[in-house]
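J.: There's a structure below that I have some questions on.
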Amino acid sequence: MSKGIAGKNTWALALLILIGVVIGGLIGQLASGVPALAWLNYGQTFGLTSPVVLDLGILVITFALTINITIAGILGVVVAIIIYRFL
(Lines of atoms letter the chains of each structure in order from A and count residues from 1; the text may use other names and numbers.)
(Lines give C-alpha, C1' and ligand atoms only; values in the text may rest on other atoms or scores of the structure.)
Protein backbone atom coordinates (compact mmCIF):
# COMPACT_ATOMS: atom_id res chain seq x y z
CA MET A 1 0.00 0.00 0.00
CA SER A 2 1.28 3.47 -0.85
CA LYS A 3 1.96 5.99 1.90
CA GLY A 4 0.88 8.96 -0.24
CA ILE A 5 2.04 12.49 0.34
CA ALA A 6 1.30 12.37 4.08
CA GLY A 7 3.95 9.67 4.55
CA LYS A 8 6.72 11.57 2.82
CA ASN A 9 9.42 13.48 4.62
CA THR A 10 8.64 17.20 4.97
CA TRP A 11 12.33 18.00 5.40
CA ALA A 12 12.96 16.61 1.93
CA LEU A 13 10.24 18.88 0.55
CA ALA A 14 11.69 21.93 2.32
CA LEU A 15 15.17 21.11 1.01
CA LEU A 16 13.90 20.62 -2.54
CA ILE A 17 11.98 23.91 -2.43
CA LEU A 18 15.08 25.71 -1.16
CA ILE A 19 17.16 24.17 -3.94
CA GLY A 20 14.47 25.16 -6.46
CA VAL A 21 14.50 28.77 -5.27
CA VAL A 22 18.30 28.98 -5.42
CA ILE A 23 18.59 27.37 -8.86
CA GLY A 24 15.66 29.41 -10.17
CA GLY A 25 17.26 32.62 -8.91
CA LEU A 26 20.56 31.66 -10.52
CA ILE A 27 18.84 30.95 -13.83
CA GLY A 28 17.02 34.28 -13.57
CA GLN A 29 20.31 36.12 -12.99
CA LEU A 30 21.96 34.37 -15.92
CA ALA A 31 18.97 34.93 -18.21
CA SER A 32 18.78 38.66 -17.49
CA GLY A 33 21.52 39.32 -20.06
CA VAL A 34 19.69 37.46 -22.83
CA PRO A 35 16.98 39.67 -24.37
CA ALA A 36 14.65 36.75 -25.21
CA LEU A 37 14.85 35.36 -21.64
CA ALA A 38 14.94 38.61 -19.66
CA TRP A 39 11.33 37.99 -18.52
CA LEU A 40 12.61 35.20 -16.25
CA ASN A 41 14.30 37.81 -14.04
CA TYR A 42 11.14 39.91 -13.71
CA GLY A 43 9.97 40.08 -10.12
CA GLN A 44 9.48 41.97 -6.92
CA THR A 45 11.89 42.71 -4.08
CA PHE A 46 10.64 43.45 -0.58
CA GLY A 47 11.98 43.51 2.94
CA LEU A 48 14.21 45.78 4.99
CA THR A 49 16.29 47.87 2.61
CA SER A 50 18.37 49.43 5.38
CA PRO A 51 19.50 47.19 8.23
CA VAL A 52 18.14 47.52 11.75
CA VAL A 53 20.97 47.96 14.28
CA LEU A 54 20.56 47.13 17.97
CA ASP A 55 23.49 48.50 19.99
CA LEU A 56 23.63 47.00 23.50
CA GLY A 57 27.00 48.48 24.43
CA ILE A 58 28.93 45.22 24.49
CA LEU A 59 27.02 43.56 21.68
CA VAL A 60 25.85 45.09 18.39
CA ILE A 61 23.22 43.13 16.45
CA THR A 62 22.47 44.02 12.83
CA PHE A 63 19.41 42.58 11.14
CA ALA A 64 18.39 42.89 7.49
CA LEU A 65 16.19 40.70 5.32
CA THR A 66 15.39 41.15 1.64
CA ILE A 67 13.39 38.69 -0.43
CA ASN A 68 13.56 38.75 -4.22
CA ILE A 69 10.77 36.82 -5.92
CA THR A 70 11.23 36.27 -9.66
CA ILE A 71 9.47 34.26 -12.34
CA ALA A 72 12.46 31.90 -12.52
CA GLY A 73 12.33 31.38 -8.73
CA ILE A 74 8.62 30.52 -8.90
CA LEU A 75 9.28 28.09 -11.74
CA GLY A 76 12.09 26.53 -9.68
CA VAL A 77 9.69 25.97 -6.76
CA VAL A 78 7.09 24.41 -9.08
CA VAL A 79 9.68 22.06 -10.57
CA ALA A 80 10.90 21.13 -7.08
CA ILE A 81 7.36 20.24 -5.96
CA ILE A 82 6.83 18.15 -9.10
CA ILE A 83 10.11 16.30 -8.45
CA TYR A 84 9.04 15.73 -4.83
CA ARG A 85 5.75 14.19 -5.91
CA PHE A 86 7.58 11.72 -8.17
CA LEU A 87 10.09 10.63 -5.49
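Residue numbers (my numbering): 991 to 1077. Glycine included, every Cβ here is placed at the ideal spot set by N, Cα and C.
#1: Applying the 10 Å Cβ sphere with the 16-neighbour rule, what's the burial state of residue 999?
#2: Give me, in chain order, the residues of the same chain whose beta-carbon lies closer than 6 Å to that of residue 1030; leave out the 5 immediate sequence neighbours on both sides.
#3: Is the beta carbon of residue 1034 closer than 8 Å to that of residue 1064?
#4: Taking the alpha-carbon positions, what's the residue 1002 to residue 1074 distance?
#5: So, with DSSP's three-state summary, where would you put residue 1039?
#6: Spatial neighbours of residue 1027 within its chain, please: C-beta separation below 6 Å, excluding the five flanking residues on both sides.
#7: For residue 1007, tell me which candidate among 1068, 1024 and 1050 has the shortest Cα-Cα distance.
#8: Verify whether the separation of the beta carbon atoms of residue 1081 and residue 1047 is less than 8 Å.
#9: Where DSSP assigns a beta bridge to residue 1006, which residues make up the other side?
T.: The short version:
#1: Numbered from its first residue, the sequence shown carries residue 999 at position 9. Exposed, by the Cβ-count rule.
#2: The sequence position of residue 1030 within the sequence shown is 40, counting from 1. Only 1018, 1021, 1061 and 1062 meet the Cβ criterion.
#3: As a first step, residue 1064 is located in the sequence shown; it is residue number 74 there, counting from the start. As a first step, residue 1034 is located in the sequence shown; it is residue number 44 there, counting from the start. Not a contact, by the Cβ cut-off of 8 Å.
#4: Here residue 1002 is taken as the residue at index 12 of the sequence shown, counted from 1. Here residue 1074 is taken as the residue at index 84 of the sequence shown, counted from 1. So the two alpha carbons sit approximately 8 Å from each other.
#5: To locate residue 1039, count along the sequence shown from 1; it is residue 49. Residue 1039 falls in the coil class under three-state DSSP.
#6: Here residue 1027 refers to the residue found at position 37 of the sequence shown. Shown here for residue 1027: same chain residues with a beta carbon closer than 6 Å to its own, the five before and five after excluded, namely 1021 in chain order.
#7: In the sequence shown, residue 1007 corresponds to position 17, counting from 1. Nearest neighbour of residue 1007 by Cα position, chosen from 1068, 1024 and 1050, turns out to be 1068.
#8: This structure cannot settle anything about residue 1081, because the visible part of the chain is limited to 991 through 1077.
#9: Here residue 1006 corresponds to residue number 16 of the sequence shown, with the count starting at 1. Bridge partners of residue 1006: none, in fact.
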